[in-house]
Amino acid sequence: MTIHDPRMQLNPKQQEAVEHRDGPLLILAGAGSGKTRVLVERIVRLMQTGGVNPWNIMAVTFTNKAAKEMKERVAQSMGQRANDLWMATFHSFCLRLLRRHAEVLNYHTHFTIYDDLDQRSLIKKILKDMQLSDTVYKPASIQYHINKAKNDGIKAEDFPSGGDFFLKKVGAIFAEYQKHLILNQAMDFGDLIVNALHLFGKSPEILSKYQNQFQHILVDEYQDTNKSQYALIRLLADKWKNVCVVGDDDQSIYKFRGAEIRNILDFQRDYPQAKVIRLEQNYRSTQNILNASNAVIRGNTERMGKELWTQNGQGECIRMFGGQTDHDEAEFVCSSIMSHREKYRLGDMAIFYRTNAQSRILEDSLRKHKIPYRIFGGIKFYDRAEIKDMMSYLKTLVNPSNTISLKRILNTPARGIGKTTVERIDAAADRESACFWDVISSVSDPRWALELNTGTMTKIEDFVKLIARLNQARQEIPLDDFLTFLYEQTGYWQMLTAEKTIEAQSRQENLTEFTNVLDDYLHENEEGTLESFLDQISLASDTDKMDDNTDFVNLMTVHLAKGLEYPVVFLVGLEEGLFPHVRSFDKPEDIQEERRLCYVGMTRAKELLHISFVNERKLFGSTQYQIASRFLDEIPEKHVTMMHDFGYQARGAAPVHKGPSWSSTASYPQTRKQSIPKHETQIDYQYSQAEQPCRQGSRVRHAVFGEGKIILIEGGNSDQAKVTIEFGRGIRKKLSLKHANLVFVR
DNA sequence: GCCCGGTCGATTTTT
DNA sequence: TCGACCGGGC
Numbered sequence: 021m022t023i024h025d026p027r028m029q030l031n032p033k034q035q036e037a038v039e040h041r042d043g044p045l046l047i048l049a050g051a052g053s054g055k056t057r058v059l060v061e062r063i064v065r066l067m068q069t070g071g072v073n074p075w076n077i078m079a080v081t082f083t084n085k086a087a088k089e090m091k092e093r094v095a096q097s098m099g100q101r102a103n104d105l106w107m108a109t110f111h112s113f114c115l116r117l118l119r120r121h122a123e124v125l126n127y128h129t130h131f132t133i134y135d136d137l138d139q140r141s142l143i144k145k146i147l148k149d150m151q152l153s154d155t156v157y158k159p160a161s162i163q164y165h166i167n168k169a170k171n172d173g174i175k176a177e178d179f180p181s182g183g184d185f186f187l188k189k190v191g192a193i194f195a196e197y198q199k200h201l202i203l204n205q206a207m208d209f210g211d212l213i214v215n216a217l218h219l220f221g222k223s224p225e226i227l228s229k230y231q232n233q234f235q236h237i238l239v240d241e242y243q244d245t246n247k248s249q250y251a252l253i254r255l256l257a258d259k260w261k262n263v264c265v266v267g268d269d270d271q272s273i274y275k276f277r278g279a280e281i282r283n284i285l286d287f288q289r290d291y292p293q294a295k296v297i298r299l300e301q302n303y304r305s306t307q308n309i310l311n312a313s314n315a316v317i318r319g320n321t322e323r324m325g326k327e328l329w330t331q332n333g334q335g336e337c338i339r340m341f342g343g344q345t346d347h348d349e350a351e352f353v354c355s356s357i358m359s360h361r362e363k364y365r366l367g368d369m370a371i372f373y374r375t376n377a378q379s380r381i382l383e384d385s386l387r388k389h390k391i392p393y394r395i396f397g398g399i400k401f402y403d404r405a406e407i408k409d410m411m412s413y414l415k416t417l418v419n420p421s422n423t424i425s426l427k428r429i430l431n432t433p434a435r436g437i438g439k440t441t442v443e444r445i446d447a448a449a450d451r452e453s454a455c456f457w458d459v460i461s462s463v464s465d466p467r468w469a470l471e472l473n474t475g476t477m478t479k480i481e482d483f484v485k486l487i488a489r490l491n492q493a494r495q496e497i498p499l500d501d502f503l504t505f506l507y508e509q510t511g512y513w514q515m516l517t518a519e520k521t522i523e524a525q526s527r528q529e530n531l532t533e534f535t536n537v538l539d540d541y542l543h544e545n546e547e548g549t550l551e552s553f554l555d556q557i558s559l560a561s562d563t564d565k566m567d568d569n570t571d572f573v574n575l576m577t578v579h580l581a582k583g584l585e586y587p588v589v590f591l592v593g594l595e596e597g598l599f600p601h602v603r604s605f606d607k608p609e610d611i612q613e614e615r616r617l618c619y620v621g622m623t624r625a626k627e628l629l630h631i632s633f634v635n636e637r638k639l640f641g642s643t644q645y646q647i648a649s650r651f652l653d654e655i656p657e658k659h660v661t662m663m664h665d666f667g668y669q670a671r672g673a674a675p676v677h678k679g680p681s682w683s684s685t686a687s688y689p690q691t692r693k694q695s696i697p698k699h700e701t702q703i704d705y706q707y708s709q710a711e712q713p714c715r716q717g718s719r720v721r722h723a724v725f726g727e728g729k730i731i732l733i734e735g736g737n738s739d740q741a742k743v744t745i746e747f748g749r750g751i752r753k754k755l756s757l758k759h760a761n762l763v764f765v766r
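Numbering (my numbering), first residue to last: 21 to 766.
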């Protein structure tokens, strides 16, 4: 986020946004236009001269990082008073309400938050209970449907099947899933929002209390809100209608997780009296970068319209590299990085890619050139097994009804409580409408009719005693010592020590890091309890602590790059099928989202933007022949310097191999493919009867499987060519192009 | 429990 | 191509 000198005057538009007093306000804040500053100053102003109490102001963001930054910046002006603001992420805001009013929804106040792994486990359990095959009903797919419904504010009982058998079943699973969440006294992420809505639906008194309280509501990144979040804001703002939303329709890139771009596009329809302010002056990039970015985003039809400009000067042209292979691209990036090293720190440079799979080849090159880098995304700290195990202990201590966590730790480390035992306990719990914990905490009670041998009984009793001992201990010993106590009492630490592997050692290191996380938390929150720590962790993510004071080249997906900025940016893999991704080819609105993503990537760059694409890329083990992204056609040539003249103009025409006309300071790879295969997109295969070329994304019809989409072509233009085609819901076939007799449609 | 081999799938991800 | 995951066998 751009933090330009706070002593600097606000520009007239920013000023207007800060000064607007009452009524709905939409701030269309372009990339790098100083929107955080506007939000902060607006809040400060409301408090300072507007006579609004901090507790009457609610400000919501999407990430903890954004909430924290805003809080700190308000505190710089307002000191302690900033603590009374309701400033949080959507999820922690809702959590606060739900903890306070849990009983209204038949929850107790210490309910557990399920992350998506917990959610997945519960779904699997339900599939088992309902005797549904998890190959037909893939847990991931069920999870997607459930989350989507929650994002869209659809209840299980209203789940639309449209007569579809599969979806009907999904609805039934969904209903069962919700039932089990209550049994487990747990809520998933979606529930936090949805249940807040239910709470208001159930209790008009509570609703009106908060409606009265929040005289001013501010929403950051409004283009990322989903339907449920939209409904929540709408409801809360209903009394005062002082709702100020900040966002950028051109940076809406989270449709796949429920973001509803219509929320921002339709703001004026929802609030006809709304004032709209555009922040178009950019403080981040050069005019060249902005012109190119503006040109790309102009290709979208559904947008509010915005043109970024700057006083930063023209700057350098965008450096465009067209290479032969993905390896060449990586080499281009590395040699450029090395040539920039004199002027820039490594930490000032970043590489953005569309898909995580692209990072590998880049990493190989970076390592080869001994360029230190760090990579964002991937395995998350809190998703590591050892951290999840400890979290499960802690969650179980706070809420033993939570069977998912309980089962995870029951036999971790191994205590000889096996699968059969668990199944018998499950059966008993079901039979007696009790929860798992009820059974094991009185395991010898004849009521359960458990046919367990005495050895197993003792093992279970020992486990129950362990939990009791831990619960006792957490009252008695200081929280910062409790984790270590936990590691030892459970035997977990000893288990890792006994393993004597490097992996086990690194797990121990992670556990040590986990105690540091708790220590930090306790330092920052004097009143911190185990419960509040769990909340914090459950709603935390690794990206919250992306600090930029390290001297490593930064690697991340374009999605993760949103909100960040770097002096030097490499945007790689600008090729059809990759960026825009094949999966977006079907729907114009998906292509538009890809274009926004491209725009987000480009506008991260402050001074130097590099864009690259190649002709051949290894994908899923085989070579794909690529053509330059359509987005590149949209960038006016005058903003571009070609670093390599090969391929750029090749879209739609067979590329002419001229060899590298540009080569960097570093050694350029000498090995080249002997023959350049005829371009994939140009295959007009004799067995295909259509004029349309056979290419990734093409729609085809097969006599047996029906209509589908080509997702992969292997073997190029040869008799051995194989195409992988997706026919409707996940059915994929790999067919020989020669024999499949495909008919190209559309 | 644990290891091995086969199979399947592979866009993006916060909370 | 490569990793995750599952089921079978010990």
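All C-beta atoms in this analysis are idealised placements derived from N, C-alpha and C, irrespective of residue type, glycine included.
Handout entry: DSSP-derived helix/strand/coil call for R339
Key = Reduced to three states, the DSSP call for R339 is strand.
Exercise for the section: Count the CB pairs spanning the region 102-117 and the region 384-397 that are closer than 8 Å, and state whether there are at least three. Expected result: Using a C-beta cut-off of 8 Å, the region 102-117 makes no contact with the region 384-397, since fewer than three inter-stretch Cβ pairs fall below that distance.
Problem - Nearest-angstrom Cα separation, counted from L142 out to H111 - result: Cα to Cα, the separation comes out at about 21 Å.
Practice task
Using only the heavy atoms of the ligand HEM, determine whether one of them is closer than 7 Å to the beta carbon of K582.
Solution key: Summarising the ligand content, the structure contains no ligands, and the ligand HEM is consequently not present.
Exercise for the section: Compare the Cα-Cα distances from K363 to each of E609, G548, K88, L628 and report the closest residue. Expected result: Closest option to K363, Cα to Cα, is L628.
Handout entry: Straight-line gap, E280 to F502 (C-alpha atoms, nearest Å)
Key = Computed Cα separation, rounded: 43 Å.
Exercise for the section: Note down the Cα distance separating S526 from F372, rounded to an integer number of angstroms. Expected result: Within the model, the alpha-carbon separation for S526 versus F372 is close to 29 Å.
Handout entry: Alpha carbon of G621 to alpha carbon of P656, nearest angstrom
Key = C-alpha separation (whole angstroms): 17 Å.
Practice task
With E636 as the anchor, note down where its beta strand (DSSP E) starts and where it stops.
Solution key: From DSSP, the beta strand (DSSP E) with E636 extends over 625-639.
Exercise for the section: Going by DSSP, name the residue or residues bridged to Y127. Expected result: None, per the DSSP bridge assignment.
Problem - Top-ranked residue by Cα proximity to H347, from G367, S379, E452 - result: Here the closest residue by C-alpha is S379.
Practice task
Run the CB neighbour count on P498, radius 10 Å, all protein chains shown included, and call it buried at 16 or more, exposed below.
Solution key: It is exposed - the Cβ of P498 has fewer than 16 other Cβ atoms within 10 Å.
Practice task
Compute the distance between the beta-carbons of R298 and K275, then report whether it is under 8 Å.
Solution key: No, the Cβ-Cβ distance between R298 and K275 is not below 8 Å.
Practice task
Taking only the alpha-carbon atoms, compute the straight-line gap between Q646 and N635 and give it to the nearest angstrom.
Solution key: Straight-line Cα distance between these residues: approximately 5 Å.
Practice task
Taking all protein chains shown into account, decide if E123 is buried (16 or more other Cβ within 10 angstroms of its Cβ) or exposed.
Solution key: When all chains shown are included, E123 counts as exposed.
Handout entry: Same chain, Cβ closer than 6 Å to D610, neighbours up to 5 away in sequence not counted
Key = Hits under 6 Å: S604.
Exercise for the section: Under 8 Å by Cβ, that's how I've got V588 and M369 pegged, so tell me the actual separation to the nearest angstrom. Expected result: 4 Å between Cβ atoms; contact.
Exercise for the section: Consult DSSP for K158 and reduce its assignment to one of helix, strand or coil. Expected result: Looking at K158 - three-state DSSP - the assignment turns out to be coil, as it is neither helix nor strand.
Handout entry: Validate contact between the region 90-97 and the region 288-307 using beta carbons, cut 8 Å, 3 pairs
Key = Taking a cut-off of 8 Å on C-beta distances, the region 90-97 does not touch the region 288-307, as fewer than three cross pairs fall below it.
Problem - C-alpha gap between D208 and F113, whole angstroms - result: Here the alpha carbon of D208 sits roughly 15 Å from the alpha carbon of F113.
Practice task
Determine the direct distance from the alpha carbon of H200 to that of T535, and round the result to whole angstroms.
Solution key: Linking T535 to H200 through their CA atoms gives a straight-line distance of about 32 Å.
Problem - Assumed close pair D240, A86 - CB separation to whole angstroms, cut-off 8 Å - result: Going by Cβ atoms, the distance from D240 to A86 rounds to 6 Å, so yes, they are a contact pair.
Handout entry: Same chain, Cβ closer than 8 Å to L486, five either side skipped, listed in chain order
Key = Contacts found: Q509, T510.
Handout entry: Rounded separation between I162 and I202 - CA only
Key = Roughly 19 Å between the two C-alpha positions.
Handout entry: Inter-residue Cα distance where the pair is R387 and A350
Key = Spanning the two alpha carbons is a distance of roughly 11 Å.
Practice task
Just list the beta strand (DSSP E) runs in the region 70-95, keeping only unbroken ones of 3 residues or longer that don't cross its boundaries, in chain order.
Solution key: Within the region 70-95, the runs of beta strand (DSSP E) at least 3 residues long that lie entirely inside it are, in chain order, 77-81.
Practice task
Specify, as a first and last residue, the run of the beta strand (DSSP E) that T767 falls within.
Solution key: Given that the chain is displayed from residue 21 to residue 766, the structure contains no residue 767 and the question cannot be resolved.
Handout entry: Simplified DSSP state of E595, which is helix, strand or coil
Key = Strand at E595.
Exercise for the section: With distances taken Cα to Cα, identify the nearest neighbour of T504 among L472, L538, T478. Expected result: Here the closest residue by C-alpha is L538.
Exercise for the section: Counting only the same chain and skipping the five closest in sequence on each side, list residues whose C-beta sits under 8 Å from that of L115. Expected result: Cβ-Cβ distances below 8 Å link L115 to I133, L212, D555, L559 in the same chain, with the five nearest sequence neighbours on each side left out; the list follows chain order.
Exercise for the section: Using 10 angstroms around the beta-carbon of T245, count the other beta-carbons present and answer buried if the total reaches 16, otherwise exposed. Expected result: Label assigned to T245: buried.
Exercise for the section: To the nearest angstrom, report how far apart H218 and R494 are at their CA atoms. Expected result: Between the alpha carbons of H218 and R494 lies a distance of about 34 Å.
Problem - Contained beta strand (DSSP E) runs [length at least 3] in the region 170-216, N- to C-terminal order - result: Scanning the region 170-216 for uninterrupted beta strand (DSSP E) segments of 3 residues or longer gives 206-208, listed from N- to C-terminal end.
Practice task
Indicate whether G343 and A648 have their beta-carbon atoms separated by less than 8 Å.
Solution key: No, the pair does not count as a contact, with Cβ atoms beyond the cut-off.
Practice task
Express the C-alpha separation of E544 and E92 in angstroms, rounding to a whole number.
Solution key: Near 13 Å, if we compare the C-alpha coordinates of E544 and E92.
Exercise for the section: Between the Cα of I460 and those of D450, Q198, Q68, M477, spot the shortest distance and give me the residue it belongs to. Expected result: Ranked by how close their Cα comes to the Cα of I460, the residues D450, Q198, Q68, M477 have M477 in first place.
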